[in-house]
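First comes the structure, then the notes that go with it.
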Amino acid sequence: MFGQLTNCTRETSRPYGAPLACQASESINISSLRDCLKDCGTGLIFVRLFCGRTIIFLLILCLLSFPARAQSGTTKPETSPSPDNSTFHSLVNPVVDPTPQSDQAKKEDRDPIEKADEYKSKLTFGVYFIRGDRAYDLNLRHQLGPFTVWIAGFYDPKSNKLIRVGAQFDYKKAWFHFVPTLEVATTKGVSGSLYSELGSGKTFAVAGVSRTNLKAFFDLFWDPSESVQLGIGHKISSYDRIQAYTIFDVRLHTEQQNTHVVWRHKLNANNGITFDGVFKSGHTDSGQFIRAVGLGVYYDRPHWFWKLYYDPHVNFTGHTMMRTGIGLKF
Numbered sequence: 344m345f346g347q348l349t350n351c352t353r354e355t356s357r358p359y360g361a362p363l364a365c366q367a368s369e370s371i372n373i374s375s376l377r378d379c380l381k382d383c384g385t386g387l388i389f390v391r392l393f394c395g396r397t398i399i400f401l402l403i404l405c406l407l408s409f410p411a412r413a414q415s416g417t418t419k420p421e422t423s424p425s426p427d428n429s430t431f432h433s434l435v436n437p438v439v440d441p442t443p444q445s446d447q448a449k450k451e452d453r454d455p456i457e458k459a460d461e462y463k464s465k466l467t468f469g470v471y472f473i474r475g476d477r478a479y480d481l482n483l484r485h486q487l488g489p490f491t492v493w494i495a496g497f498y499d500p501k502s503n504k505l506i507r508v509g510a511q512f513d514y515k516k517a518w519f520h521f522v523p524t525l526e527v528a529t530t531k532g533v534s535g536s537l538y539s540e541l542g543s544g545k546t547f548a549v550a551g552v553s554r555t556n557l558k559a560f561f562d563l564f565w566d567p568s569e570s571v572q573l574g575i576g577h578k579i580s581s582y583d584r585i586q587a588y589t590i591f592d593v594r595l596h597t598e599q600q601n602t603h604v605v606w607r608h609k610l611n612a613n614n615g616i617t618f619d620g621v622f623k624s625g626h627t628d629s630g631q632f633i634r635a636v637g638l639g640v641y642y643d644r645p646h647w648f649w650k651l652y653y654d655p656h657v658n659f660t661g662h663t664m665m666r667t668g669i670g671l672k673f
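Everything in the sequence shown is counted per this note's numbering, starting at 344 for the first residue and increasing by one.
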């Protein structure tokens, strides 16, 4: 029965202060001055007048420079500031004086559920149920710098057995986030997609396109694959976000389209939850035009996750699928 469900579906997946002035004092050649006085006694009066005026001038300069020196001395940085001072400075003036220590402190201050997004590997075991049948899927993903690679195996005791491998590249700079993906299955099915997020602020646009070679293969995501994706998203916090997008067929003339509304929310420091509501419409393989609503729940923990989906007319067939999965992050 799962053999009827192996239509092509795709996988898709962010110097303060001025330097102190250096003052050099001028040296006076005292011996030369005495020789001059011995040779020219008549110049004694002139020298006394000159020295007196010079001393008065120097005293005035010293008095004027004293407040400046005192002020410069008060702003001299300490060699080993206390943790409280460094934390206060990072909160008051984080842009003017960024340091690796302050960046590290920000990372350490994040909750465990937020740090979990940085794990490099993910192992997921899924079970898919339809009436009278079930199938299993095991997926291992690993991140290598900007690249993510995966290998997965699908097993249906009654029909399909296949292995698929894939890779994606994650490029992000300023307002442009771009993710190309390629996947190949042992059924000779090939799927490729280009996903992008456009925007430098909290609100961003979503755009993507996907294609296959029209060979049958079984995948973990359940949207039309000969499609274009358009939508919008908003980052509520470093973890929370909401997205709405539509994936619609542009190649096979089926009028199939899935509209998703996804809300990700941090419950507390160690728990997060994501709701994925989908409205689907379009023609099935038999030509019937259907409308249906599905719902998915993704429960997130720092080192593991669990998901459950209710998907009527899965892959635009007459079957309703319940699928669940559990995974590890490491």
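Cβ coordinates follow ideal geometry from the N, Cα and C atoms, glycine included.
Assuming residue i and residue j form a contact by the criterion Cβ under 8 Å, report the distance between their Cβ atoms to the nearest whole angstrom.
i, j, result
"residue 558", "residue 530", "6 Å"
"residue 654", "residue 615", "Not quite, the Cβ-Cβ distance comes to about 22 Å (not below 8 Å), so this is no contact."
"residue 552", "residue 536", "7 Å"
"residue 652", "residue 617", "That pair is no contact at about 11 Å."
"residue 478", "residue 499", "4 Å"
Assign residue i to one of two classes, buried (16 or more other C-beta atoms within 10 Å of its C-beta) or exposed (fewer than that).
i, result
"residue 403", "Note that residue 403 scores 48 on pLDDT, short of 50, meaning its location in the model is unreliable; the coordinates nonetheless yield the value given after this. Counting Cβ neighbours within 10 Å, residue 403 comes out exposed, since fewer than 16 surround it."
"residue 455", "exposed"
"residue 497", "buried"
"residue 684", "There is no way to answer for residue 684, as the model of the chain reaches only from 344 to 673."
"residue 672", "buried"
"residue 708", "No information on residue 708 is available, as it lies outside the stretch 344 to 673 that the chain covers here."
"residue 621", "buried"
"residue 547", "buried"
"residue 657", "buried"
"residue 630", "exposed"
"residue 668", "buried"
"residue 399", "For residue 399, the pLDDT reaches just 47, beneath the cut-off of 50, and the residue's location in the model is therefore unreliable, although a value from the coordinates is still provided. Classification of residue 399: exposed, given that the 10 Å Cβ count is below 16."
"residue 517", "exposed"
"residue 623", "buried"
"residue 648", "buried"
Please state if the CB of residue j and the CB of residue i are separated by a distance shorter than 8 Å.
i, j, result
"residue 524", "residue 509", "yes"
"residue 582", "residue 603", "no"
"residue 472", "residue 664", "yes"
"residue 676", "residue 555", "Limits of the chain in this structure are 344 at one end and 673 at the other, which puts residue 676 out of reach."
"residue 619", "residue 660", "no"
"residue 288", "residue 576", "Nothing in the structure corresponds to residue 288, since the chain is present only between 344 and 673."
"residue 625", "residue 597", "yes"
"residue 549", "residue 573", "yes"
"residue 485", "residue 463", "yes"
"residue 495", "residue 645", "no"
From the DSSP secondary-structure annotation, give me the bridge partner or partners of residue i.
i, result
"residue 570", "553, 592"
"residue 526", "509, 534"
"residue 616", "608, 642"
"residue 546", "577"
"residue 495", "482, 507"
"residue 476", "473"
"residue 515", "520"
Item to check | beta strand (DSSP E) runs wholly inside the region 640-666, at least 3 long, in chain order | outcome: Look at the region 640-666 and you find these whole runs of beta strand (DSSP E), each 3 residues long or longer: 647-654.
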